[in-house]
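So the sequence lines, in the order shown, correspond to chains V and W. Mapped onto this note's numbering, the consecutive letters of the first sequence carry residue numbers 528 to 875. Mapped onto this note's numbering, the consecutive letters of the second sequence carry residue numbers 528 to 875. Working notes for the structure below.
2 protein chains.
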Amino acid sequence: MTDSGIDTRPNRPATLHDVAREAGVSLATASRSINGSTRKVNDEFRQRVLEAAARLDYSPNVSAQAMVRGTTTTVALLVADISDPYFSSVAAGVIAEAESAALIVTMAVTDRDAERELDLVRALRGQRPRVMILAGSRPTADTAESALGEELRAYEGGGGVVVLIGRNELDLRTVLVDNAGGAVALARALTGIGYRRFGVLTGSEGLLAEIDRLEGFRAGLEASGGELRDDDIVRTAFTRDGGYDGMRRLLARGLAGVELVFAASDIMAVGALSAIRDAGLTPGTDVAVAGFDDIPTTRDVTPPLTTVRVPLEALGRRALRLALGDTDAAARAVATEVVLRESTPARG
Amino acid sequence: MTDSGIDTRPNRPATLHDVAREAGVSLATASRSINGSTRKVNDEFRQRVLEAAARLDYSPNVSAQAMVRGTTTTVALLVADISDPYFSSVAAGVIAEAESAALIVTMAVTDRDAERELDLVRALRGQRPRVMILAGSRPTADTAESALGEELRAYEGGGGVVVLIGRNELDLRTVLVDNAGGAVALARALTGIGYRRFGVLTGSEGLLAEIDRLEGFRAGLEASGGELRDDDIVRTAFTRDGGYDGMRRLLARGLAGVELVFAASDIMAVGALSAIRDAGLTPGTDVAVAGFDDIPTTRDVTPPLTTVRVPLEALGRRALRLALGDTDAAARAVATEVVLRESTPARG
DNA sequence: CACCTGTGGGAAAGCGCTGCCTGAGTTGTA
DNA sequence: TACAACTCAGGCAGCGCTTTCCCACAGGTG
Chain V
528 MTDSGIDTRP NRPATLHDVA REAGVSLATA SRSINGSTRK VNDEFRQRVL
578 EAAARLDYSP NVSAQAMVRG TTTTVALLVA DISDPYFSSV AAGVIAEAES
628 AALIVTMAVT DRDAERELDL VRALRGQRPR VMILAGSRPT ADTAESALGE
678 ELRAYEGGGG VVVLIGRNEL DLRTVLVDNA GGAVALARAL TGIGYRRFGV
728 LTGSEGLLAE IDRLEGFRAG LEASGGELRD DDIVRTAFTR DGGYDGMRRL
778 LARGLAGVEL VFAASDIMAV GALSAIRDAG LTPGTDVAVA GFDDIPTTRD
828 VTPPLTTVRV PLEALGRRAL RLALGDTDAA ARAVATEVVL RESTPARG
Chain W
528 MTDSGIDTRP NRPATLHDVA REAGVSLATA SRSINGSTRK VNDEFRQRVL
578 EAAARLDYSP NVSAQAMVRG TTTTVALLVA DISDPYFSSV AAGVIAEAES
628 AALIVTMAVT DRDAERELDL VRALRGQRPR VMILAGSRPT ADTAESALGE
678 ELRAYEGGGG VVVLIGRNEL DLRTVLVDNA GGAVALARAL TGIGYRRFGV
728 LTGSEGLLAE IDRLEGFRAG LEASGGELRD DDIVRTAFTR DGGYDGMRRL
778 LARGLAGVEL VFAASDIMAV GALSAIRDAG LTPGTDVAVA GFDDIPTTRD
828 VTPPLTTVRV PLEALGRRAL RLALGDTDAA ARAVATEVVL RESTPARG
């Protein structure tokens, strides 16, 4: 078709240069026609450029644009485990919000490994994302952690914005969830419907969310006459299988009067339900169970799970809005709400 | 510290140029020290460069590298809905495999909207990803679809590789799942344990997976003496709520002898279980239910769900491996496996 | 008719980086 | 001692794009 046998590698995407040549205009005019700068372009020229672009299947090279503009349209998102419904809901929120801000999301999974998390942050930093969102990051200030902090600060020093989801020791923008308040309210609600003796399944990773939920629950019980003995607190993995195992341990040991087991996350609670059933007991009747988060499956397990609703998708949206400078989003902790269902029937 | 008041905007990430200056070497040497090219660099120089880089918190600009190298390390992944466990498992597989190939994943969500899907493909194309993976894409050859095909072909024309997960009319690399075979095997297994009259809950979107599963199931029943009347096939949304609604419709109409309802996906089956329970019936006992996919929650619903196992994470891994040229990955459809659980107790 | 102003296309610089090419310095060989 | 053969640091072009800056030209004014 066109003349000039300059570069006819077939596998090279068309460049703006190609488009300009095809349309018979300069590079500058082609650029202005396609992205629509402040400068006006003659309609006829613009038309020609757009047609040429379509003919050549032109697609602007965002790397090149990023270089010259000095800014990208990327949001980097780190989650612990994308197949965990907690994180996939948060991710859905981030992605939805990113789409409405015309940003593109790059995602990485840490597998709850601090070292890998650090490597990923390093790698993602190279993308010069506008925003970096970390969900379910490790909390305690050990060495790997402070290296992470340093890396994040370096990223911010280079003009990036970091947002953490969930309380954290790092001194960075954070979307706070009212874990403690929700746990207090849950404890009160449960004593209110007649429960007195409680057990707890919580994580062993020292996540601040775990701690806040446990302490909040304990405080709520103290204020409302419930009892939680230290022996009845089981520390286990913060996963479905962790919940299953923890519950099994509790059952093997004998419930010894525990009427209700509070699992610090729904996913653990779901595992606990299965463990109860596998032990030949009936959850809700023989032991009540409550969770935290209100992931979608809480409606579909049997009995439906009492929990504390955390608006997970909203969390993700809010994280990005906060990063983008919406100060309202920083205002205060995201509210949580107790949802009583049949896994905790009213007692006597 | 350093002299030359050239550019001291505080919010500018350090460039390789800065590092080279700080280390007192040339740009070329700095580049070679940091990325380790084929050329050797004097140990002392390299040391100096690495120290300077650390001191300045240098992180290579991947956009710049992409430009000059003419290739990126990005994988673009499109899914219909990331909070659906089917897609989040597939995504987990893609991300895991990407990590082991030192690639980074960019993710977008189509929300099952063909138009949005097209826009996203267009936008992602600008990233020049090495690979583009589409999971749960729309299938039928309508107009938006052919525009999608054109866009994907343009992307491949520019040197990219497209992989589709699940059968599709587009003539592109595809990870095939043996949906039909699994459905046949399921039908046989169920007639084998005494079921005769069946109902089906399937999607209304014309996805080829839906069709293959339905047709496979039908064929399996025909071969083994089961009965499926057209009236007992309900078309509904391919989601949890779709399953719930479909089952409710079936129950409202009266089961009229249907002993087992096959839902074309687990997520629909889970909704169906809840609908059965909400109607005051006992799933498994009053109506049996079977699903397809074996998502994690199938173990935790009551009764545990009979299903056809699809190795979802493996699907994602395989998609990327296929894109990266692993010809074994293209070999044949991914095998599926019947898993009988208590939602379909043996009859009579 | 001389001059000014506004409009809008084109040339060119340069974003951060890699990889070829050059050339200085070192070692080996006759 | 002369010269070939290496080795390896540095110079520089250029990846695809945006954005000044420049300039030609059209139209307006006194």
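The C-beta atom is built at its ideal place from N, Cα and C for all residues, glycine as well.
The Cβ atoms of Phe789 of chain V and Val727 of chain V sit closer than 8 angstroms to each other.
Distances from the alpha-carbon of Asp611 of chain V to those of W:Ala625, W:Val606, W:Ala618 and W:Ala607 put W:Ala618 closest.
Around Pro540 of chain V, the beta-carbon contacts reaching into chain W at under 9 angstroms are Arg652, Arg655, Ala681, Tyr682, Gly684, Gly685, Gly686 and Gly687.
The CB of Ala619 of chain V comes closer than 8 angstroms to the CB of Asp608, Ile609, Ser610 and Val636 in chain W, given here in chain order.
When DSSP reads this structure, Asp739 of chain W sits in no beta bridge, so it has no partner. Taking 8 angstroms as the CB threshold, Arg859 of chain V stays off the interface with chain W.
Taking 8 angstroms as the CB threshold, Pro872 of chain V stays off the interface with chain W. CA-CA distance, Val835 of chain V to Ser560 of chain V, rounds to 52 angstroms. The beta carbons of Val837 of chain W and Ala712 of chain W sit no closer together than 8 angstroms. When V:Gly693, V:Ser792 and V:Asp584 are compared, the shortest CA-CA separation from Ala650 of chain W is found for V:Asp584. Distance from the CA of Ala629 of chain W to the CA of Glu749 of chain V, rounded to the nearest whole angstrom, comes to 51 angstroms. Within the segment 565 to 578 of chain V, contact with chain W at the beta-carbon level (separation under 7 angstroms) is assigned to no residue. When DSSP states are grouped into helix, strand and coil, Phe614 of chain V belongs to the helix group.
Between the alpha carbons of Ser553 of chain V and Gln592 of chain V lies a gap of roughly 18 angstroms.
For the 8 angstroms CB-CB criterion, Ser627 of chain V and Glu644 of chain V do not form a contact. Taking C-beta atoms under 8 angstroms as the contact rule, Arg756 of chain W and Met795 of chain W fail to qualify, at a distance of about 19 angstroms. In the three-state reduction of the DSSP assignment, Gly684 of chain W falls in the helix class. Using a Cβ distance threshold of 8 angstroms, Arg868 of chain W and Leu832 of chain W count as a contacting pair. Distance from Ala736 of chain V to Arg775 of chain V at the Cβ level is roughly 23 angstroms; contact not present, criterion being Cβ atoms closer than 8 angstroms.
Residues of chain V with a Cβ closer than 8 angstroms to the Cβ of Asn588 of chain W are, in chain order, Met594, Gly653 and Arg655. With distances taken between CA atoms, Asn706 of chain V lies nearest to V:Thr863 out of V:His544, V:Thr871, V:Thr863 and V:Thr542. Between Gly563 of chain V and Asn569 of chain V, the alpha-carbon positions lie close to 12 angstroms from each other. The beta-carbon of Ile622 of chain V is placed less than 8 angstroms from the nearest beta-carbon of chain W.
For Glu864 of chain W, the enclosing beta strand (DSSP E) begins and ends at Glu864 to Val866. Shown here, Phe789 of chain W sits in a strand according to DSSP, grouped into three states. Contact between the segment 629 to 641 of chain V and the segment 593 to 606 of chain V is established, with three or more Cβ pairs separated by less than 8 angstroms. For Leu800 of chain W, the chain V residues whose C-beta falls within less than 9 angstroms of its own C-beta are Asp827 and Thr829, listed in chain order.
Against chain V, the CB of Ser627 of chain W has no partner CB under 8 angstroms away; the residue lies outside that interface. Residue pairing of Gly730 of chain V in beta bridges, as defined by DSSP: V:Thr763. Residues of chain W with a Cβ closer than 9 angstroms to the Cβ of Ile660 of chain V do not exist; the shortest Cβ-Cβ separation is about 13 angstroms. Against chain W, the beta carbon of Ala591 of chain V has neighbours under 7 angstroms at Met594, listed in chain order. Taking 8 angstroms as the upper bound for CB-CB distance, Ala846 of chain W and Ile692 of chain W are in contact here, some 5 angstroms apart. Runs of the alpha helix (DSSP H) lying entirely within the segment 576 to 614 of chain W and spanning at least 4 residues, in chain order: 589 to 596. Any Cβ of chain W closer than 8 angstroms to the Cβ of Ser615 of chain V would place that residue at the interface, and such an atom is present. Cβ atoms of Arg724 of chain V and Ser751 of chain V stay farther apart than 8 angstroms, at about 13 angstroms. Cα atoms of Ala783 of chain W and Pro810 of chain W: separation of roughly 16 angstroms, rounded to the nearest angstrom.
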